[in-house]
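Numbers 1 to 250, taken from UniProt numbering, label the letters of the sequence shown in order.
All C-beta atoms, glycine included, are put in the ideal place defined by N, C-alpha and C.
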Amino acid sequence: MSDSKNWRSIRSYGIILVRFIHNYPEYLMVCRKSTYCYVDFLLGKYNDKNTEYIKFMVKNMTYNERLSITTKTYEELWKELYSHSRQPQGAFYDYVSNKFHKTRDIFIILNSTVPCTYKHPEWGFPKGRPNQNEDPFDCATRELYEETRINKHSYNILPSILPFEEKYVGTNGIGYRNVFFIGKAKSNCVAYLDKKNTAQIREIGYIKWFPYEIAIRQFRDHEESKRCVLEHVNQAIISNYNSVDSSSFY
């Protein structure tokens, strides 16, 4: 495990929202627009000498992402990644573009041999890193709004359930710590994708409510920490159902 200083430097905060449909809990989840491996590949976040890791990246991309890398120019991929908000120019662009072209032949070979496993990018809960001096709860509410357009007047944080913490080492070898507050959606709670909001559509592909049994199946095989968090959250929700349904919130 990384030292505590490293954990603090990569901590994120989010909110897991629950609603009740016919007295049965459902959880709000977001699906990324692009897989982590796809973004990392386009931005050159890998060792081009490590073929096994590139193979791992290929395996964890969707069919459409793999097709895009093999058929489109890097400039096209860059513009799609940034939703045309960042121009394909500058020293960094030149660096990652050159690395992409250097590695694409290896990618094409691996793409033809590695089975395609995933139809969609990763599912998870709204979260993000705090701005400088930002309060953890303020960060969580901001991230929930930025990713789902749900404002803080549309839900209540549950005082009977303490925040849950997720720790894991990512596929990139970096340690992460995510802290989730638990909230209950009000009747006026509506999540949606705002097509005019470039920041949101650049990051989020889908937003959906899932019953627990379906939500738990959205995680990938290597995402055991996410499953563990949802299992514990669901147990807490069920155990506190009466207080969740009728308590006074803050």
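- Assignment of beta-bridge partners to Ser12 by DSSP yields Asn178.
- Restricting attention to Pro25, Phe41 and Ile21, the CA atom closest to the CA of Ile182 is found in Pro25.
- Shortest Cα-Cα distance from Asn240 to any of Ser160, Ile10, Arg217 and Ser187 involves Ser160.
- Annotation: the continuous beta strand (DSSP E) that includes Ile207 extends over Ile204 to Pro211.
- Under DSSP, the beta-bridge partners assigned to Lys127 are Gly14.
- Note on Glu134: under 16 other CB atoms within 10 angstroms of its CB, so exposed under the neighbour-count rule.
- Burial is judged here by how many other beta carbons sit within 10 angstroms of a residue's own beta carbon; Leu230 has at least 16 and is buried.
- Distances from the alpha-carbon of Met61 to those of Ile21, Phe107, His101 and Tyr95 put Phe107 closest.
- For Glu166, the enclosing beta strand (DSSP E) begins and ends at Phe164 to Val169.
- In the three-state DSSP reduction, Lys102 falls in the helix class (H, G or I).
- Straight through space, the alpha carbons of Pro211 and Asn23 are spaced by roughly 11 Å.
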